[in-house]
Amino acid sequence: MGAPGHTIHTIHRDHIHHGWNNEFEPCLRIAPGETIEFQTVDASSGQLTRESTASDLERLDLARVNPVTGPVYIEGAQPGDALKVTVLSLRPSGWGWTGNIPGFGLLTDQFPKARLHHWNYDPGLAPAMYGPGGRVPLRPFTGTIGVAPAAPGLHSIIPPRNVGGNMDARDIAEGAELYLPVEVPGALFSVGDTHAAQGDGEVCGTAIESPIDVVLKFDLVKDARLRMPRYVVPGPVTNHFDRKGYEVTTGIGPDLMQGARVAVSEMVELLSKRHGYDPVDAYMLCSVCADLRISSIVDVPHWVVSYYFPRVVIE
1 MGAPGHTIHT IHRDHIHHGW NNEFEPCLRI APGETIEFQT VDASSGQLTR ESTASDLERL
61 DLARVNPVTG PVYIEGAQPG DALKVTVLSL RPSGWGWTGN IPGFGLLTDQ FPKARLHHWN
121 YDPGLAPAMY GPGGRVPLRP FTGTIGVAPA APGLHSIIPP RNVGGNMDAR DIAEGAELYL
181 PVEVPGALFS VGDTHAAQGD GEVCGTAIES PIDVVLKFDL VKDARLRMPR YVVPGPVTNH
241 FDRKGYEVTT GIGPDLMQGA RVAVSEMVEL LSKRHGYDPV DAYMLCSVCA DLRISSIVDV
301 PHWVVSYYFP RVVIE
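What follows is the structure, encoded as structure tokens:
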């Protein structure tokens, strides 16, 4: 977690905020090269607990979702620089939840009712159990990670933006190096919305939403002039899923969003008919472990979206 004698700061989970605002007071100031352990809370800001039910999900205060811990002021960071964030470690809590939230998600018209699943897993990253035989390999990562935008005022935490935020990029995991465009002095960095596992696309709108302590190291790249975040991953990104191959469904047509909807709907039907899942449970399982991919985007006028479900989860 750091060189011998190296100071690791800790920001406790009570230092959270909702939304991005470049006028938020930093809770910590550090120099480049320093390391911080961030304690995070789950994506509901603690509104959901181990005892919660689907009715609690219906009553979520959406203004309090996706809390982030911070912000941190990095000395010397100026607009035009890039903040380099290295993910040193993630320590999961052993509990999380996945929810189908009414009005939210790729197939919300097909699944309008609230559904909540609790995950109790081995923090040592043994697979988490789900439904009739599902076992989801865990791979913790930071769902929301970013810096304050230059635009004044309070901005919603939900949409990602050019300075990062709620990217839900599952490969910003241990060992990754993330580069964020700095738009305000000090950068004002925050992190949260941690996930124990997620498929690319997070199709139902939630992953395994789980409190996770995150250790990050910060450096500056002066005058990098990035327009968007970039990141580097240190090795294979799907080897926890690859061992038994994949079931793949497709959506083909002139619209990528509709293609994604069709591909996911086809996978929900496959899992329901072949493995006995209730359709909404199949949809939620897809969200935490299956990957949307654009297979073809040049053969006008139709594009191909593929949906990869790892067979290791259900075999």
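In full-length UniProt numbering, the protein residues as written are 1 to 315.
Every residue, glycine too, gets a C-beta built ideally from N, C-alpha and C.
In angstroms, rounded to a whole number, what distance separates the CA positions of residue 372 and Val85? Past the boundaries of the shown model lies residue 372; the chain is included only from 1 to 315, so the question cannot be answered.
What is the DSSP secondary structure of Ser52, counted as helix, strand or coil? Residue state, collapsed to three classes: coil.
Where DSSP assigns a beta bridge to Glu202, which residues make up the other side? When DSSP reads this structure, Glu202 sits in no beta bridge, so it has no partner.
For His302, count neighbouring C-beta atoms within 10 Å of its own C-beta (all shown protein chains included) and say buried if the count is 16 or more, exposed if not. Classification for His302: exposed.
Along the chain, where does the alpha helix (DSSP H) containing Pro279 start, and where does it finish? Per DSSP, Pro279 belongs to the alpha helix (DSSP H) from Pro279 to Cys289.
Contact between the segment 153-172 and the segment 209-223 (3+ Cβ pairs under 8 Å): Under the 8 Å Cβ criterion, the segment 153-172 does not count as touching the segment 209-223, having fewer than three qualifying pairs.
Does the contact criterion of 3 or more C-beta pairs under 8 Å hold for the segment 19-39 versus the segment 101-111? Cβ pair count under 8 Å is below three, so no.
How would you write the range of the alpha helix (DSSP H) that Ser265 sits in, first residue to last? In the DSSP assignment, Ser265 falls within the unbroken alpha helix (DSSP H) covering Leu256 to His275.
Would you kindly report the start and end of the unbroken beta strand (DSSP E) that includes Pro310? Per DSSP, Pro310 belongs to the beta strand (DSSP E) from Trp303 to Pro310.
Taking the alpha carbon of Asn239 as the reference point, which residue from Glu75, Pro310 and Arg13 has its own alpha carbon closest? Per the Cα distances, Pro310.
Under the DSSP definition of a beta bridge, which residues are partnered with Leu90? Bridge partners of Leu90: Val214.
Just checking, does the segment 166-179 make contact with the segment 86-102 on the three C-beta pairs under 8 Å criterion? Result yes; three or more Cβ-Cβ pairs closer than 8 Å.
Segment limits, beta strand (DSSP E) that includes Thr10: Note, Thr10: beta strand (DSSP E), Ile8 to Ile11.
At the level of alpha carbons, what is the spacing between His15 and Asp299? Answer to the nearest angstrom: the Cα atoms are 49 Å apart.
Tell me whether Lys222 sits in a helix, a strand or coil according to DSSP, three-state version. Lys222 carries a coil assignment under DSSP once its states are collapsed to helix, strand and coil.
Of the residues Phe218, Phe24 and Val280, the one placed nearest Ala77, counting alpha carbons only: For Ala77, the nearest C-alpha among the options comes from Phe218.
Please tell me whether Leu180 and Val147 are closer than 7 Å, where the distance is taken between their beta carbons. Yes.
Would Val182 and Pro79 be called neighbours here (beta carbons separated by less than 7 Å)? It is a contact, given that the beta carbons lie within the stated cut-off.
Terminal residues of the continuous beta strand (DSSP E) containing Leu125? Secondary structure note for Leu125: it is in no beta strand (DSSP E), with a DSSP letter that is neither H nor E.
I believe Leu188 touches Gly19 by the beta-carbon criterion, under 8 Å. Please report the beta-carbon distance rounded to the nearest angstrom. About 12 Å separates the Cβ atoms of Leu188 and Gly19, ruling out a contact at the 8 Å cut-off.
Can you tell which of Arg29, Arg139 and Tyr307 has its C-alpha closest to the C-alpha of Glu209? Checked all of Arg29, Arg139 and Tyr307; the closest Cα to Glu209 is Arg139.
Quick one: what's got a C-beta closer than 6 Å to Gly143's C-beta in the same chain, skipping five residues either side? Around Gly143: Asp168, Asp193 and His195.
Top-ranked residue by Cα proximity to Ser44, from Leu270, Pro32 and Ala63: Taking only the C-alpha atoms, the option nearest Ser44 is Ala63.
Helix, strand or coil, according to DSSP, for Lys244 in the structure here? Helix at Lys244.
Pull the bridge partners of Ile158 from the DSSP assignment, please. Ile158 pairs with nothing; no bridge assigned.
Chain-order list of residues whose beta-carbon lies under 7 Å from that of Gly186 (same chain, five-residue window excluded): These residues qualify, in order along the chain: Pro26, Tyr73, Ile74 and Ala77.
Tell me whether Glu177 sits in a helix, a strand or coil according to DSSP, three-state version. In the displayed model, Glu177 falls within a strand according to three-state DSSP.
What residue from Leu57, Val304, Ser156 and Gly164 has the CA that sits closest to Leu256's CA? Leu256 has its Cα closest to that of Val304, out of Leu57, Val304, Ser156 and Gly164.
With DSSP as the reference, please indicate the residues paired to Lys84 in a beta bridge. Beta-bridge partners assigned by DSSP to Lys84: Tyr179 and Asp219.
Continuous beta strand (DSSP E) stretch holding Leu188: start and end: Annotation: the continuous beta strand (DSSP E) that includes Leu188 extends over Ala187 to His195.
Quick one: grab the DSSP three-state call for Arg233. According to the sequence provided, residue 233 is Val. The question's Arg does not apply to it. Three-state DSSP puts Val233 in coil, outside helix and strand.
Spatial neighbours of Ala31 within its chain, please: C-beta separation below 6 Å, excluding the five flanking residues on both sides. Correct list, in chain order: Glu75.
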